[in-house]
Amino acid sequence: MSLHSWTTRAVHAGKDDLAALGLHAPPIDLSTTYPSHDVVGEATRLDEFAEGHDDGGPPVYGRVANPTVRRFENALAELEGAEAAVAFSTGMAALSACLLAQVAAGRSHVVGVRPLYGTTDHLLDSGLLGTSVTWASPEDAASAITGRTGLVVVETPANPTLDEVDLRALTDACAPVPVLVDSTFATPVLQHPLEQGAAMVLHSATKYLGGHGDVMGGVVACGEDMARSLRQIRFVTGAMLHPMAGYELLRGLSTLAVRVHGASATAAELARRLADHPGVTRVHYPSIGGAMVSFETSADPVTLVSAVRLITPAVSLGSVDSLIQHPASLTHRIMDEVSRKEAGISPDLVRLSVGLEDVEDLWGDLDQALAHAAR
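822 is the number of the first residue of the sequence shown in my numbering; add one for each residue after it.
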């Protein structure tokens, strides 16, 4: 185990060998294919790759693995305290691989704990990948488990209500069924679900891990056995993270702690001020902190979102600039109204992703938008 702090490891993880290589910045390997002079040996290695193993050598073909992506995977695994991590082209591709791995193992039933990201909810509810779902509260999740249950899926803090789940209580109650935790909002800066008994930690790397709104990706940190299953799925589906994205995400980890802490301080102050605003009826802000704030307004939320001038009205989150959106119209529109209500997603709810702007500038924009919406 490293003697260095987590923040220091975030700067150096995945890059410990660079000095010995005579490099300072990680190289970007854009190769789609790799020379194979030892045909028999490479054929054997390809069989191993197809079984989900990765020996760290040249990957034969870019859909199988990539050296730059491996650096990001190794770094994220280290920061999550996992044996391995497997990166994908998007967060939804990562989740899909987790579900397909359970379907392939004959455990197609999922227990879902709402609220979840809207498209996650839709994927589970639709059964598009051959899964079936039972929705349950954190307290009732264990009683919803059957002999076919392969996964319990939870997001904490949850999107968009920022509900929090006692992960230790949930994982203990659901054992031995693995619990997958979407930890996108928290990042490994604020929580480590594997330490609380989770089997898998999912990140939409597009958000805080990248941190600048210019890269897409997903990653799952887990044990090596599960990682092999996920690599098998990735091998056949082609949902490989692009090398340039791997480079940008590895770079993003270096500043993750300072970005999350900085934005969290501003978010906490905005949550305090919103709670005192006459146009706000309820504020949602998690006990662990973070850069996300959700609030319900007595004014028209759609008008409010349209009235911001500094904050960008857009989906997504986790960027250095602040974003605001109306979940019932956008990120969670794909859910039906009854499901949204069951998940606690009010039509008056607005979700704010706080960036690194000055708190007074952000408050000035929110205050004028709330005033405009009230009129």
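Beta carbons: idealized from backbone N, C-alpha and C, even for Gly.
Verify whether the separation of the beta carbon atoms of residue i and residue j is less than 8 Å.
i: T889; j: D850; result: yes
i: L988; j: V1002; result: yes
i: I1145; j: V1171; result: yes
i: V1101; j: T1118; result: yes
i: P1107; j: E1016; result: no
i: G1111; j: A1007; result: yes
i: T911; j: M1037; result: yes
i: F870; j: V881; result: yes
i: A1209; j: A914; result: In the structure displayed, the chain extends from 822 to 1196; residue 1209 sits before or after that span and is not available.
i: F909; j: V1040; result: yes
i: L1095; j: S1143; result: no
Quick check on the burial criterion: 16 or more other C-beta atoms within 10 angstroms. Buried or exposed for residue i?
i: R1055; result: buried
i: S1197; result: In the structure as shown, the chain begins at 822 and stops at 1196. Residue 1197 is therefore absent and cannot be evaluated.
i: H825; result: exposed
i: G971; result: buried
i: H1024; result: buried
i: A1066; result: buried
i: D942; result: buried
i: H845; result: exposed
i: P997; result: exposed
i: T829; result: exposed
i: V1126; result: buried
i: G878; result: exposed
i: M822; result: Any reading at M822 must be qualified, since the residue scores a pLDDT of 48, below 50, and its modelled position is unreliable; the value itself is stated next. M822 comes out exposed.
Name the DSSP beta bridge partners of residue i, please?
i: G1023; result: Reading off the sequence, residue 1023 comes out as Leu, not Gly. BP columns for L1023 point to D1003 and V1041.
i: A918; result: Paired residues: none, contrary to the question.
i: R1172; result: S1115 and Q1146
i: F909; result: G1039 and M1061
i: T977; result: Partner(s): none; T977 has no beta bridge.
i: R1103; result: E1117
Whole angstroms is fine: what's the gap from residue i's alpha carbon to residue j's?
i: A962; j: A1020; result: 16 Å
i: P936; j: V1123; result: 21 Å
i: L1151; j: D837; result: 41 Å
i: P856; j: H1013; result: 40 Å
i: L944; j: S958; result: 18 Å
i: L1131; j: T940; result: 28 Å
i: D1086; j: A1190; result: The residue asked about is misnamed: residue 1086 is Ala in this sequence, not Asp. Going by the C-alpha atoms only, they are around 22 Å apart.
i: P999; j: L1011; result: 22 Å
i: V974; j: L1074; result: 25 Å
i: A906; j: H874; result: 13 Å
I'd like to know whether the C-beta of residue i is nearer than 8 Å to at least one C-beta of chain B.
i: P1134; result: Absent from the structure is chain B; it holds one protein chain and no more.
Checklist line | Contact between the region 1133 to 1140 and the region 1024 to 1042 (3+ Cβ pairs under 8 Å) | finding: yes
Margin query: Closer than 8 Å is the cut-off here; do at least three beta carbon pairs connect the region 926 to 935 with the region 1078 to 1098?
Written below: no
Item checked: Three-pair Cβ contact test at 8 Å for the region 912 to 932 versus the region 891 to 900 -> no
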